[in-house]
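Participant: Line by line, the protein sequences are chains A, B, C and D.
For what it's worth, my numbering labels the leading residue of the first sequence as 1, then goes sequentially.
For what it's worth, my numbering labels the leading residue of the second sequence as 1, then goes sequentially.
For what it's worth, my numbering labels the leading residue of the third sequence as 1, then goes sequentially.
For what it's worth, my numbering labels the leading residue of the fourth sequence as 1, then goes sequentially.
The beta carbon of each residue, even a glycine, is placed where N, CA and C say it ideally should be.
Computed from a prediction, not measured in an experiment: that's the story for all the values here.
Number of protein chains: 4
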Amino acid sequence: MTEPIPEGYAPWRPGSPYMNHLADLGALYRRASDGVLALRIAQPHMNTHGIAHGGLLATLADSALGLAINEQTGLSIVTVQMSVEYLNAVRPGDWLEAHVQIDKQGRRLVYATCLLRVGGRVMLKANAVFAVRAAPVPASDA
Amino acid sequence: MTEPIPEGYAPWRPGSPYMNHLADLGALYRRASDGVLALRIAQPHMNTHGIAHGGLLATLADSALGLAINEQTGLSIVTVQMSVEYLNAVRPGDWLEAHVQIDKQGRRLVYATCLLRVGGRVMLKANAVFAVRAAPVPASDA
Amino acid sequence: MTEPIPEGYAPWRPGSPYMNHLADLGALYRRASDGVLALRIAQPHMNTHGIAHGGLLATLADSALGLAINEQTGLSIVTVQMSVEYLNAVRPGDWLEAHVQIDKQGRRLVYATCLLRVGGRVMLKANAVFAVRAAPVPASDA
Amino acid sequence: MTEPIPEGYAPWRPGSPYMNHLADLGALYRRASDGVLALRIAQPHMNTHGIAHGGLLATLADSALGLAINEQTGLSIVTVQMSVEYLNAVRPGDWLEAHVQIDKQGRRLVYATCLLRVGGRVMLKANAVFAVRAAPVPASDA
Numbered sequence: 001m002t003e004p005i006p007e008g009y010a011p012w013r014p015g016s017p018y019m020n021h022l023a024d025l026g027a028l029y030r031r032a033s034d035g036v037l038a039l040r041i042a043q044p045h046m047n048t049h050g051i052a053h054g055g056l057l058a059t060l061a062d063s064a065l066g067l068a069i070n071e072q073t074g075l076s077i078v079t080v081q082m083s084v085e086y087l088n089a090v091r092p093g094d095w096l097e098a099h100v101q102i103d104k105q106g107r108r109l110v111y112a113t114c115l116l117r118v119g120g121r122v123m124l125k126a127n128a129v130f131a132v133r134a135a136p137v138p139a140s141d142a
Numbered sequence: 001m002t003e004p005i006p007e008g009y010a011p012w013r014p015g016s017p018y019m020n021h022l023a024d025l026g027a028l029y030r031r032a033s034d035g036v037l038a039l040r041i042a043q044p045h046m047n048t049h050g051i052a053h054g055g056l057l058a059t060l061a062d063s064a065l066g067l068a069i070n071e072q073t074g075l076s077i078v079t080v081q082m083s084v085e086y087l088n089a090v091r092p093g094d095w096l097e098a099h100v101q102i103d104k105q106g107r108r109l110v111y112a113t114c115l116l117r118v119g120g121r122v123m124l125k126a127n128a129v130f131a132v133r134a135a136p137v138p139a140s141d142a
Numbered sequence: 001m002t003e004p005i006p007e008g009y010a011p012w013r014p015g016s017p018y019m020n021h022l023a024d025l026g027a028l029y030r031r032a033s034d035g036v037l038a039l040r041i042a043q044p045h046m047n048t049h050g051i052a053h054g055g056l057l058a059t060l061a062d063s064a065l066g067l068a069i070n071e072q073t074g075l076s077i078v079t080v081q082m083s084v085e086y087l088n089a090v091r092p093g094d095w096l097e098a099h100v101q102i103d104k105q106g107r108r109l110v111y112a113t114c115l116l117r118v119g120g121r122v123m124l125k126a127n128a129v130f131a132v133r134a135a136p137v138p139a140s141d142a
Numbered sequence: 001m002t003e004p005i006p007e008g009y010a011p012w013r014p015g016s017p018y019m020n021h022l023a024d025l026g027a028l029y030r031r032a033s034d035g036v037l038a039l040r041i042a043q044p045h046m047n048t049h050g051i052a053h054g055g056l057l058a059t060l061a062d063s064a065l066g067l068a069i070n071e072q073t074g075l076s077i078v079t080v081q082m083s084v085e086y087l088n089a090v091r092p093g094d095w096l097e098a099h100v101q102i103d104k105q106g107r108r109l110v111y112a113t114c115l116l117r118v119g120g121r122v123m124l125k126a127n128a129v130f131a132v133r134a135a136p137v138p139a140s141d142a
C-alpha cells in the first residue's frame with residue numbers, strides 16, 4: 001500500500017494472537033486523540049466477490065468495541081451478543097475506521113455501538129452486549 | 001496440532017483471499033456427507049483471554065452460511081445482517097463444527113441459521129439474512 | 001373467530017397488565033403437554049398492510065420466552081437483547097404457535113430461541129438473551 | 001394520567017388496528033417539528049415486574065421506524081429483521097420518545113435505527129432492516 005496514512009494515526013499492534021495475524025494482512029492504526037482504530041483495505045481482506053469479507057468487518061468491530069470498553073472502563077469483558085448490519089460494500093483502497101460508543105456501563109453488562117466508516121459514510125453498524133468477566137465474589141471463593 | 005481429524009472430513013481450501021489466510025492459521029475441513037465445515041482450534045485463534053476470538057467465530061459462521069447457501073441454492077448472495085450469540089468459550093484443542101440450516105429461500109432474501117458446535121454442545125448461534133445479488137431480470141434487460 | 005381450537009390447548013390468561021390487554025384482542029391458549037403458547041390471528045392484530053403487526057409477533061415471542069424460562073428454571077429474568085427475523089407474513093385465521101428452546105442456562109445469563117410457527121412453517125425466529133434478576137449473593141450482603 | 005404533555009406534541013392516531021388498540025391503552029403523541037412519536041408510560045403497559053413490557057417497547061420501535069421511513073421515503077416497506085437491546089427499565093410516568101434515523105435507503109432494502117429515550121437517557125436501541133414492498137414496475141403496470 002502506497003496510499004498515505006491519514007494524519008493523527010500511528011501503527012497499532014494488537015495484544016492477541018488472532019488480531020496479530022489480522023494485522024499481518026494489513027497494518028492496523030490508531031488515532032491517539034479519540035482511540036479510533038483503522039486500516040487500509042487491501043487484497044488480502046477480500047471475499048469471493050472482491051469486496052471486504054464480512055468476517056473481517058465483524059472482527060474489526062468486535063475488537064474495536066472490546067478495546068474501547070477495556071480502556072474506558074478498566075473492565076475485563078467477554079462478548080455476549082453482537083448484531084451486525086452490512087450497509088455498504090467496503091472496497092480495496094478504502095480507509096476503514098471503527099468508531100465506538102459505550103451506551104451503558106452496568107455492573108454486570110456493558111452495551112456499546114460500533115460504526116465502521118469510510119470517510120463520512122457508514123459501512124457497518126454493530127450493536128453488542130458484553131458481560132463483565134470478574135463478578136464480585138465473596139472473599140472465601142476468590 | 002497432532003490430534004486426529006474426525007472421520008468423514010477432508011481438507012478444504014476456501015476460495016477467497018481472506019478465508020485462505022484464515023486457513024493458514026489452522027487448516028479447514030469439510031465433511032462430504034453433509035457439508036459441515038470444521039477446524040481444530042489452536043493458539044493462533046486466541047484472543048487476549050486465551051479463548052477463541054469472537055471475530056474468528058463470526059467469520060466461520062458467515063463463511064459457512066455463504067458456502068452452504070451458494071451450494072444448495074446456486075444463488076450469489078451478500079450478507080445483509082447477522083446476529084450472533086456467544087454461548088460458551090471455545091478453547092484450544094476443540095474441534096469446532098459449523099452446522100448450517102436454510103430457513104427461507106425467497107426471491108430476494110435468504111434467511112439461515114448457523115450453529116457452531118463442539119461435540120454436541122452449541123458454542124455460538126448465528127442468524128443471518130442474505131440478499132440475492134443478481135435478481136432475475138427480463139431477458140431484454142440481460 | 002369460529003374456527004376450532006386445536007386439540008390439547010386450553011385458554012391461558014397471562015399475569016401482566018400488558019399481556020392481558022393483548023389477550024383481550026384475541027384469546028391466548030396454551031398446550032399442557034409442552035407449554036406451547038398460541039393464538040388465532042384476527043383483524044385486531046393487523047398492521048396497515050393487512051398482515052399481523054411485527055410488534056405483536058415480537059411481543060408473543062418475548063412473552064413465550066420469558067414464560068418458558070421462568071417455568072423451566074424458576075429464575076426471575078429480564079430481557080437483555082432480542083434479535084428477530086420475519087420470514088413470512090402471518091395472516092388472519094392463522095393459528096400461530098410459539099415454540100421455545102432454552103439454549104444455555106448460565107448463572108447470570110440465559111440464552112433461548114423462539115420460533116413462531118403456523119402449521120409446520122416458521123414465520124419468525126427470535127433469539128434472545130436474558131439476565132437473571134436476583135443473582136445469588138453472600139448472606140452478609142443480602 | 002394527569003401529567004402534562006411536553007410542548008410541541010399533539011395526539012396522534014395510528015392507521016392500523018393493532019396500533020390503534022395500543023393507543024387505547026395510553027394515547028400516542030407526535031411532535032410536528034421532527035416527527036418524534038411518544039407516549040406516557042402507565043399501568044396498562046406493565047409486565048409482571050412492574051416495568052414496561054419488552055413487547056410494548058419493541059412494538060413502539062417497529063412502528064416508529066415504519067412510520068418515519070414511509071413518510072421520509074414514500075416507500076411501502078415490511079420488516080425483515082430487527083435487533084433490540086434493552087438498556088434500562090422504563091417505568092410508569094416516564095415520557096417515552098422514539099427517535100428514528102434512516103441509515104441507508106437502498107433500492108430494495110432500508111436500514112434504520114430507533115432509540116427510545118426518556119429525557120436524555122437511552123432506554124432501548126433498535127436496529128432494523130426493511131424490504132421495499134413494491135419494486136419499481138413499468139408504468140403500464142402502475
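Between tyrosine 29/B and alanine 61/B, what straight-line distance do the alpha-carbon atoms span, to the nearest angstrom?
Facilitator: What you label residue 29/B is simply residue 29 of the second sequence in a count that begins at 1. What you label residue 61/B is simply residue 61 of the second sequence in a count that begins at 1. If you take the alpha carbons of tyrosine 29/B and alanine 61/B, they lie about 14 Å apart.
Participant: Return the CA-CA distance between alanine 38/C and glutamine 72/D, expressed in angstroms with no decimal places.
Facilitator: Residue numbering aside, residue 38/C sits at position 38 when the third sequence is read from its first letter. Residue numbering aside, residue 72/D sits at position 72 when the fourth sequence is read from its first letter. Cα to Cα, alanine 38/C sits roughly 36 Å from glutamine 72/D.
Participant: Using a Cβ cut-off of 8 Å, pull out every chain D residue sitting near leucine 109/B, in sequence order please.
Facilitator: Within the second sequence, residue 109/B is the residue found at index 109, counting from 1. Under the 8 Å cutoff, chain D gives Val80, Ala131.
Participant: According to DSSP, simplified to helix, strand and coil, what is alanine 139/C?
Facilitator: Stepping through the third sequence from its first residue, residue 139/C is reached at position 139. With a pLDDT of 41 at alanine 139/C, under the threshold of 50, the predicted position of this residue should be treated as unreliable, though the coordinate-derived value follows. Alanine 139/C falls in the helix class under three-state DSSP.
Participant: I think alanine 58/A touches threonine 59/B, with their Cβ atoms under 8 Å apart; what is that distance to the nearest whole Å?
Facilitator: Here residue 58/A refers to the residue found at position 58 of the first sequence. Here residue 59/B refers to the residue found at position 59 of the second sequence. Yes, they are in contact, since the Cβ atoms of alanine 58/A and threonine 59/B sit about 7 Å apart, within 8 Å.
Participant: Are there 16 or more other CB atoms within 10 angstroms of the CB of glutamine 81/A, so buried, or fewer, so exposed?
Facilitator: As a working note, residue 81/A is residue 81 in the first sequence. Buried is the call here.
Participant: Leucine 124/D: buried (16+ other C-beta within 10 angstroms of its C-beta) or exposed?
Facilitator: Position 124 of the fourth sequence holds residue 124/D. So leucine 124/D ends up on the buried side.
Participant: Can at least three beta-carbon pairs, one atom from the region 38-49 of chain A and one from the region 91-99 of chain A, be found at a separation below 8 Å?
Facilitator: yes
Participant: Opposite threonine 79/B in the DSSP bridges: which residues?
Facilitator: Along the second sequence, read from residue 1 onward, the residue named residue 79/B stands at position 79. In the DSSP output, where bridge partners are listed per residue, threonine 79/B has Phe130/B.
Participant: Please name the residues in the region 92-124 of chain D whose beta-carbon is closer than 8 Å to at least one beta-carbon of chain A, in chain order.
Facilitator: Asp103, Lys104, Tyr111, Thr113, Val122
Participant: Taking the Cβ atom as the reference point for each residue, do valine 84/A and alanine 131/A lie within a distance shorter than 7 Å?
Facilitator: Walking along the first sequence from the start, residue 84/A turns up at place 84. Walking along the first sequence from the start, residue 131/A turns up at place 131. Against a cut-off of 7 Å, the Cβ pair of alanine 131/A and valine 84/A comes out as no contact.
Participant: So, for isoleucine 69/C: in the same chain, excluding its five sequence neighbours on each side, which residues have a beta-carbon less than 7 Å away from its beta-carbon?
Facilitator: Sequence index remark: in the third sequence, residue 69/C carries index 69 (1-based). Around isoleucine 69/C: Leu75, Ile77, Ile102, Val110, Ala112, Phe130.
Participant: Give the residues of chain B in contact with leucine 87/C, contact being defined as C-beta atoms less than 7 Å apart.
Facilitator: One-based indexing of the third sequence puts residue 87/C at position 87. Near leucine 87/C (Cβ distances below 7 Å), the residues of chain B are Asp103, Lys104, Tyr111.
Participant: What is the DSSP secondary structure of proline 11/B, reduced to helix, strand or coil?
Facilitator: Taking the first residue of the second sequence as 1, we reach residue 11/B at position 11. The answer is strand: DSSP assigns proline 11/B an E or B state.
Participant: What is the DSSP secondary structure of aspartate 103/D, counted as helix, strand or coil?
Facilitator: The residue labelled residue 103/D in the question sits at position 103 within the fourth sequence. Here aspartate 103/D sits in strand by DSSP.
Participant: Quick check: what's the CA-CA separation for asparagine 47/A versus proline 11/D?
Facilitator: Here the question's residue 47/A lines up with position 47 in the first sequence. Here the question's residue 11/D lines up with position 11 in the fourth sequence. Approximately 50 Å between the Cα atoms of the pair.
Participant: Got a sec: is the Cβ-Cβ distance from serine 63/C to anything in chain A below 7 Å?
Facilitator: What you label residue 63/C is simply residue 63 of the third sequence in a count that begins at 1. No, its Cβ sits nowhere closer than 7 Å to a Cβ of chain A.
Participant: Could you tell me the alpha carbon to alpha carbon distance between glycine 26/B and asparagine 20/B, rounded to whole angstroms?
Facilitator: Along the second sequence, read from residue 1 onward, the residue named residue 26/B stands at position 26. Along the second sequence, read from residue 1 onward, the residue named residue 20/B stands at position 20. Between glycine 26/B and asparagine 20/B, the C-alpha separation is close to 10 Å.
Participant: 7 Å is my cut-off, CB to CB: does alanine 128/B come that close to chain D?
Facilitator: Looking up residue 128/B in the second sequence gives position 128. Not closer than 7 Å to any Cβ of chain D, the Cβ of alanine 128/B fails to qualify, so no.
Participant: Apart from the five residues just before and just after arginine 117/B, which ones in its own chain have a Cβ nearer than 7 Å to its Cβ?
Facilitator: Start at 1 with the first residue of the second sequence, and residue 117/B comes out as number 117. Cβ neighbours of arginine 117/B beyond the five flanking positions: Glu97, His99, Met123.
Participant: Measuring alpha carbon to alpha carbon, tell me which of Gly8/A, Arg108/A, His53/A, Val36/A ends up nearest arginine 167/C.
Facilitator: Nothing about residue 167/C can be reported from this structure: the residues present for chain C run from 1 to 142 only.
Participant: Quick one: residues in its chain with C-beta nearer than 7 Å to the C-beta of histidine 53/C, no 5 flanking neighbours on either side, listed in chain order?
Facilitator: The sequence position of residue 53/C within the third sequence is 53, counting from 1. Same-chain partners within the cutoff: His45, Met46, Asn47.
Participant: In chain order, what residues of the same chain lie with their CB nearer than 7 Å to the CB of isoleucine 51/B, ignoring the 5 residues before and after it?
Facilitator: Stepping through the second sequence from its first residue, residue 51/B is reached at position 51. Around isoleucine 51/B, the same chain offers Ala89, Val90, Arg91 as residues with beta carbons nearer than 7 Å, after the five sequence neighbours per side are excluded.
Participant: Have a look at His49/C, Pro6/C, Tyr18/C and flag the residue whose alpha-carbon is nearest the alpha-carbon of glycine 15/D.
Facilitator: Numbered from 1 along the fourth sequence, position 15 holds the residue referred to as residue 15/D. The residue with the shortest Cα to Cα distance from glycine 15/D is His49/C.
Participant: Which value, in whole angstroms, describes the spacing of the CA atoms of methionine 1/A and aspartate 24/B?
Facilitator: Counting from one through the first sequence, the residue named residue 1/A turns up at place 1. Counting from one through the second sequence, the residue named residue 24/B turns up at place 24. Low local confidence applies: a pLDDT of 48 at methionine 1/A is under 50, so the model's placement there is unreliable, with the coordinate-based value given in what follows. One C-alpha to the other measures close to 22 Å.
Participant: For threonine 113/C, report the span of its beta strand (DSSP E) as first-last.
Facilitator: Reading the third sequence from its first residue, position 113 is the one you call residue 113/C. From DSSP, the beta strand (DSSP E) with threonine 113/C extends over 109-118.
Participant: So, is glycine 55/D buried or exposed, given that buried needs 16 or more other C-beta atoms within 10 angstroms?
Facilitator: Numbered from 1 along the fourth sequence, position 55 holds the residue referred to as residue 55/D. The residue is buried, with at least 16 neighbouring Cβ atoms inside 10 Å.
Participant: Let's see if you can read the secondary structure: which residues bound the beta strand (DSSP E) around alanine 38/C?
Facilitator: Mapped onto the third sequence, residue 38/C falls at position 38. Note, alanine 38/C: beta strand (DSSP E), 37-40.
Participant: From alanine 142/B to lysine 104/B, what does the alpha carbon distance come to, in whole angstroms?
Facilitator: As a working note, residue 142/B is residue 142 in the second sequence. As a working note, residue 104/B is residue 104 in the second sequence. Note that alanine 142/B scores 32 on pLDDT, short of 50, meaning its location in the model is unreliable; the coordinates nonetheless yield the value given after this. Computed Cα separation, rounded: 26 Å.
Participant: Would you tell me roughly how many angstroms separate the C-alpha atoms of tyrosine 18/B and leucine 87/B, rounded to the nearest one?
Facilitator: Against the second sequence, residue 18/B aligns to sequence position 18. Against the second sequence, residue 87/B aligns to sequence position 87. C-alpha separation (whole angstroms): 26 Å.
Participant: Thinking just about the alpha-carbon of each residue, which of Gly119/C, Ser33/C, Gly66/C is nearest to the one in alanine 128/C?
Facilitator: Numbered from its first residue, the third sequence carries residue 128/C at position 128. Minimum Cα distance to alanine 128/C is reached at Gly66/C.
Participant: Using a Cβ-Cβ cutoff of 9 Å, what residues of the region 10-41 of chain D are near chain C? List them in chain order.
Facilitator: Residues passing the 9 Å Cβ filter: Pro14, Gly15, Ser16, Pro17, Tyr18, Met19, Asn20, His21, Leu22, Asp24, Leu25.
Participant: For proline 6/B, collect the residues of the same chain with a Cβ closer than 7 Å to its Cβ; drop the 5 residues on either side in sequence, then sort them by chain order.
Facilitator: As a working note, residue 6/B is residue 6 in the second sequence. Excluding sequence neighbours, proline 6/B sits near Trp95.
Participant: Mind checking which residues open and close the alpha helix (DSSP H) that includes leucine 87/B?
Facilitator: Walking along the second sequence from the start, residue 87/B turns up at place 87. Note, leucine 87/B: premise wrong, no alpha helix (DSSP H); not H, not E.
Participant: Any beta carbon of chain A sitting closer than 7 Å to that of glycine 74/B?
Facilitator: As a working mapping, residue 74/B is identified with position 74 in the second sequence. It does not: the Cβ of glycine 74/B has no partner Cβ on chain A nearer than 7 Å.
Participant: By a C-beta neighbour count over all protein chains shown, 10 Å radius and 16 as the cutoff for buried, is serine 33/D buried or exposed?
Facilitator: Your numbering for residue 33/D matches position 33 in the fourth sequence. Serine 33/D is exposed by the Cβ-count criterion.
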